[in-house]
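Colleague: From first to last, the protein sequence lines are chains A and B. Take 1 as the starting number for the first sequence in UniProt numbering and just add one per residue. Take 1 as the starting number for the second sequence in UniProt numbering and just add one per residue. Ideal placement from N, C-alpha and C gives every residue a C-beta, glycine not left out. Can you read through this structure? Questions will come right after.
Number of protein chains: 2
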Amino acid sequence: MSIKQVAKEAGVSIATVSRYLNSPEHVREKTRLKVQAAIEKTGFSRNALARNFRRGKTSLVMVVLPEVGDPFFSGVMRGIWRVARREGYSILISETQFNTEGFNEYADMVFSKQADGIILLASISPFMRDGGAGSSALERRPDGTVPPVVIGCETVTPQLSHFPSVRVDNVGAAREASRHLIGLGHRRIAFISGARDSLLTSDRERGYRGAMADAGLAVDDGWVLEGDLSIDGARRAVRELLAQRPRPTAIFCATDEMALGAMHEIRANGLAIPADISIVGFDDVRYAATASPPLTTVAQPAEEIGEHTMERLCRAMLGGDIGAEPEVVPHRLVLRSSTAAPPAE
Amino acid sequence: MSIKQVAKEAGVSIATVSRYLNSPEHVREKTRLKVQAAIEKTGFSRNALARNFRRGKTSLVMVVLPEVGDPFFSGVMRGIWRVARREGYSILISETQFNTEGFNEYADMVFSKQADGIILLASISPFMRDGGAGSSALERRPDGTVPPVVIGCETVTPQLSHFPSVRVDNVGAAREASRHLIGLGHRRIAFISGARDSLLTSDRERGYRGAMADAGLAVDDGWVLEGDLSIDGARRAVRELLAQRPRPTAIFCATDEMALGAMHEIRANGLAIPADISIVGFDDVRYAATASPPLTTVAQPAEEIGEHTMERLCRAMLGGDIGAEPEVVPHRLVLRSSTAAPPAE
DNA sequence: ACCTCAATTGTAAACGTTTACATAAAATGG
DNA sequence: CCATTTTATGTAAACGTTTACAATTGAGGT
Numbered sequence: 001m002s003i004k005q006v007a008k009e010a011g012v013s014i015a016t017v018s019r020y021l022n023s024p025e026h027v028r029e030k031t032r033l034k035v036q037a038a039i040e041k042t043g044f045s046r047n048a049l050a051r052n053f054r055r056g057k058t059s060l061v062m063v064v065l066p067e068v069g070d071p072f073f074s075g076v077m078r079g080i081w082r083v084a085r086r087e088g089y090s091i092l093i094s095e096t097q098f099n100t101e102g103f104n105e106y107a108d109m110v111f112s113k114q115a116d117g118i119i120l121l122a123s124i125s126p127f128m129r130d131g132g133a134g135s136s137a138l139e140r141r142p143d144g145t146v147p148p149v150v151i152g153c154e155t156v157t158p159q160l161s162h163f164p165s166v167r168v169d170n171v172g173a174a175r176e177a178s179r180h181l182i183g184l185g186h187r188r189i190a191f192i193s194g195a196r197d198s199l200l201t202s203d204r205e206r207g208y209r210g211a212m213a214d215a216g217l218a219v220d221d222g223w224v225l226e227g228d229l230s231i232d233g234a235r236r237a238v239r240e241l242l243a244q245r246p247r248p249t250a251i252f253c254a255t256d257e258m259a260l261g262a263m264h265e266i267r268a269n270g271l272a273i274p275a276d277i278s279i280v281g282f283d284d285v286r287y288a289a290t291a292s293p294p295l296t297t298v299a300q301p302a303e304e305i306g307e308h309t310m311e312r313l314c315r316a317m318l319g320g321d322i323g324a325e326p327e328v329v330p331h332r333l334v335l336r337s338s339t340a341a342p343p344a345e
Numbered sequence: 001m002s003i004k005q006v007a008k009e010a011g012v013s014i015a016t017v018s019r020y021l022n023s024p025e026h027v028r029e030k031t032r033l034k035v036q037a038a039i040e041k042t043g044f045s046r047n048a049l050a051r052n053f054r055r056g057k058t059s060l061v062m063v064v065l066p067e068v069g070d071p072f073f074s075g076v077m078r079g080i081w082r083v084a085r086r087e088g089y090s091i092l093i094s095e096t097q098f099n100t101e102g103f104n105e106y107a108d109m110v111f112s113k114q115a116d117g118i119i120l121l122a123s124i125s126p127f128m129r130d131g132g133a134g135s136s137a138l139e140r141r142p143d144g145t146v147p148p149v150v151i152g153c154e155t156v157t158p159q160l161s162h163f164p165s166v167r168v169d170n171v172g173a174a175r176e177a178s179r180h181l182i183g184l185g186h187r188r189i190a191f192i193s194g195a196r197d198s199l200l201t202s203d204r205e206r207g208y209r210g211a212m213a214d215a216g217l218a219v220d221d222g223w224v225l226e227g228d229l230s231i232d233g234a235r236r237a238v239r240e241l242l243a244q245r246p247r248p249t250a251i252f253c254a255t256d257e258m259a260l261g262a263m264h265e266i267r268a269n270g271l272a273i274p275a276d277i278s279i280v281g282f283d284d285v286r287y288a289a290t291a292s293p294p295l296t297t298v299a300q301p302a303e304e305i306g307e308h309t310m311e312r313l314c315r316a317m318l319g320g321d322i323g324a325e326p327e328v329v330p331h332r333l334v335l336r337s338s339t340a341a342p343p344a345e
């Protein structure tokens, strides 16, 4: 079962077996065959636990995401995945279930060698429930080391800005999407954001507000609602919006997930999309195209984001300095049929 | 950084520090405080690599699923997750991307101690690309041991029937769904299955054929198509179905994902659901309810499946014999508005 | 045949824990 | 206060690798 038995079986030393496994070119043809035979005979498989222990690496990367089922993150995962495979890493995942606390818990995973690096796809606060400011794992380390962490497609909270990120220009994209609605003639445009502390959507909200300001349109207090990043949250928000008089003629949702929920609620109230209300989403998940009507949204290159994030993390794990600048990847406004001119008043 | 330094700092032996970490109740209050102080002073965090190595466990469970973004599996994952957390396991995930080969690769992960156990949520063949029959990891082990594996919500291929599973009664549920359509008056009912070798959908196809036979209805060869488990696959299948004369009046899709694709394609061809064609799905993913019209489907208790699967795996990893019987959990036919009587001829 | 140098193999230490066993200290009972 | 039991701590081995270094072997040149 162990290298030792293989060595005995093959009549060589354990070092030779180890070399056979790690650098076969350094062992003579004849010995190689002996070892190979011994391995097959004993049914040996190299104990990864011992190996990783000895080498001091786990070959594991932790990916923290809000929810496994999210179709957008699924694309990002695929990108991460591809690079991880190529570079010999396996993926550990952790769902936050939209709980934003716990960065330290994750940082500790690399200090305690449960993972070599971390990719944060979720909003995570650097402070733990119990600890106050200053208890961040970043500052707590006596040696001042920082774990290899890359933040994918997520706005960076100030305390986490030591870390690099890979994302689209959320502000610009949201501004563009909002401008599209304004260009169609909408004046009363609502915005459904994520949870109160979701960093992801705050930039998008900024873009929305920017576009409104640019067009000289005031944003009514009741137009910006929290949708909780969920279908149900969006439906609740829409119910509030529909009760308003005059009612908004368009809704910009910070994620497609919420846009899908919003569309459902609007239909449930007997209104038509886009005749009565226009909807714009963000992410271009695969269900956006099959929705009825197909959803106008901002496409993010999910797989590319994943790939770049993982590539950057790999460099960090190798010990290289990868800086802390965000890498901005291109977005694209995808016009479909959920948007049209507002109804005549 | 290591237990050794903590021991020195605290003026105790390394064994005491270890005991402090693993069974604090076995160290005296006074020493406990000393050790605690030393740990805080040195910023020690226990090296999981060494720990796991010594204990011979990884505390990792590999979950193999076709695709991370699938909303149904996401529910299952949540259940797995919950139990894993409670039992102290982390989750490694592996996407098969619908590649059904490679069971051995996964089985090897537990033999090589990269994971303590495996949950298969995807169709996986026990034979590798290169090896022929008999090269299965199950038979290759000289000691005849079998890795702890549980198959969640997946029909078992004969070679994998050594392993337990947790799932709904796919045959019965599909039969019920088909009967619902027949009861509405449909006679020409098509079925969109998964990939050719997808075990997941073959039981559902069996149920569909059973219901048709029960009702004395013949199944036309052209009515059973492969949908590839994807939106696009389903759309292709629907295109074929719509070209038929007479055209089927109802389509039973083996998964909601495909049902969503089917609905989109039907609408794209100017037909109405359910007025022209009724649709039934399977899984009750969260997008089924928000679809337009809301989708009639078979609900599976996804989280429960995940929980039971993980619980069973835990027992297996503890060395207990958990048998190989499938555990059947209840399903529920959810009637929504994508089904109605067929159009008058 | 001898020397040199390179290629190959062996020896043994190390990685950071856990844990059986031995020892020391405290608690208990008379 | 001693004998005995219980509890707490220390010592050292072990887990299965990798790897620096030493030792051996083989080849090539003279």
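Which partner residues of B:Ser338 appear in the DSSP bridge assignment?
Modeller: Paired residue(s): none; B:Ser338 is not in a bridge.
Colleague: What does B:Ala48 reach in chain A if we use C-beta pairs closer than 7 Å?
Modeller: Ser112, Lys113, Gln114
Colleague: Along chain B, which residues have their Cβ under 7 Å away from the Cβ of A:Phe53?
Modeller: Leu49, Ala50, Phe53
Colleague: Can you find at least 3 beta carbon pairs, one from the region 81–101 of chain B and one from the region 52–70 of chain B, that sit closer than 8 Å?
Modeller: yes
Colleague: For chain B, check one thing: does any of its Cβ atoms lie closer than 8 Å to the Cβ of A:Glu95?
Modeller: yes
Colleague: When we look at the beta-carbon of B:Leu200 and count the other beta-carbons within 10 Å, is it buried (16 or more) or exposed?
Modeller: Answer is buried; the Cβ neighbour count reaches 16.
Colleague: Could you confirm whether any beta carbon from chain B is found closer than 8 Å to the beta carbon of A:Thr255?
Modeller: no
Colleague: How long is the line joining the alpha carbons of B:Leu229 and B:Ala259, rounded to whole angstroms?
Modeller: 10 Å
Colleague: Do B:Leu60 and B:Tyr20 have their beta-carbon atoms positioned less than 8 Å apart in this structure?
Modeller: no
Colleague: Counting contacts by CB-CB distance shorter than 8 Å, is B:Val68 in contact with chain A?
Modeller: Yes, B:Val68 lies at the interface with chain A (some Cβ there is under 8 Å from its Cβ).
Colleague: I want to know whether the region 208–228 of chain A touches the region 165–180 of chain A - three or more CB-CB distances under 8 Å.
Modeller: Segments in contact, yes.
Colleague: Can you tell me whether DSSP reads A:Arg332 as helix, strand or coil?
Modeller: strand
Colleague: Quick check: what's the CA-CA separation for A:Arg129 versus A:Val27?
Modeller: With a pLDDT of 47 at A:Arg129, under the threshold of 50, the modelled position of that residue is not reliable, and no figure is offered here.
Colleague: B:Leu318 CB to nearest chain A CB: under 8 Å?
Modeller: B:Leu318 has a beta carbon lying at 8 Å or more from every beta carbon in chain A.
Colleague: In or out: A:Asn22 buried (at least 16 other Cβ within 10 Å) or exposed?
Modeller: Around the C-beta of A:Asn22, fewer than 16 other C-beta atoms lie within 10 Å, and the residue is accordingly described as exposed.
Colleague: Which full runs of the alpha helix (DSSP H) of 4+ residues lie inside the region 22–60 of chain B, going along the chain?
Modeller: List check, alpha helix (DSSP H) in window: 29–42, 48–55.
Colleague: Check whether chain B comes within 8 Å of A:Arg267, counting only Cβ atoms and requiring the distance to be less than that.
Modeller: It does: the Cβ of A:Arg267 has a partner Cβ on chain B nearer than 8 Å.
Colleague: Can you say whether A:Ala243 is buried or exposed, counting buried as having 16 or more other CB atoms within 10 angstroms of its CB?
Modeller: exposed
Colleague: In terms of residue numbering, what span does the alpha helix (DSSP H) encompassing B:Leu242 cover?
Modeller: 231–242
Colleague: Please decide whether A:Pro306 counts as near chain B, where near means a Cβ-Cβ distance under 8 Å.
Modeller: As written in the sequence, residue 306 of chain A is Gly, which differs from the Pro given in the question. No, no contact with chain B.
Colleague: Under DSSP, the alpha helix (DSSP H) around A:Gly261 begins and ends at which residues?
Modeller: 256–268
Colleague: For B:Pro274, which residues from the same chain have a beta carbon less than 6 Å from its beta carbon, with the 5 sequence-adjacent residues on both sides left out?
Modeller: Ser338, Thr339, Ala340
Colleague: Applying the criterion that 16 or more other CB atoms from any shown protein chain within 10 Å of the CB defines a buried residue, is A:Glu240 buried or exposed?
Modeller: exposed
Colleague: Applying a beta-carbon distance threshold of less than 8 Å, which residues of chain A neighbour B:Pro71?
Modeller: Gly69, Pro71
Colleague: Nearest to A:Arg86 by alpha carbon, out of A:Glu311, A:Ala50, A:Arg332?
Modeller: A:Glu311
Colleague: Whole angstroms are fine: how far does the CA of A:Glu29 sit from the CA of A:Lys41?
Modeller: 18 Å
Colleague: Can you tell me which of the three DSSP states A:Ser123 falls into?
Modeller: coil
Colleague: Going straight from the alpha carbon of A:Gly131 to that of A:Ala122, what length do you get?
Modeller: In this prediction, A:Gly131 scores a pLDDT of 43, lower than 50, which makes its location untrustworthy; the coordinate-derived value is nonetheless stated afterwards. Taking the straight line joining both Cα atoms gives about 20 Å.
Colleague: Within 8 Å, do at least three Cβ pairs link the region 212–232 of chain B to the region 319–329 of chain B?
Modeller: no
Colleague: Per DSSP, what are the beta-bridge partners of B:Phe111 in this structure?
Modeller: Answer by DSSP bridge pairing: none, since B:Phe111 is not bridged.
Colleague: For B:Met77, return the contacting residues in chain A, with the cut-off set at a CB-CB distance below 7 Å.
Modeller: Correct list: Val68.
Colleague: Along the chain, which unbroken stretches of the beta strand (DSSP E) at least 3 residues long are found entirely within the region 165–232 of chain A?
Modeller: 165–168, 189–193, 224–226
Colleague: Can you give me the start and stop residues for the alpha helix (DSSP H) that A:Leu313 sits inside?
Modeller: 302–317
Colleague: Evaluate A:Ala272 with the Cβ neighbour count: other Cβ atoms within 10 Å of its Cβ, from every protein chain shown; 16 or more gives buried, anything less gives exposed.
Modeller: exposed
Colleague: Answer with buried or exposed for B:Val328, where buried requires no fewer than 16 other C-beta atoms within 10 angstroms of its C-beta.
Modeller: Exposed: under 16 other Cβ atoms inside 10 Å.
Colleague: Could you check where the beta strand (DSSP E) with A:Gly152 kicks off and where it finishes?
Modeller: For A:Gly152, the uninterrupted beta strand (DSSP E) segment begins and ends at 149–152.
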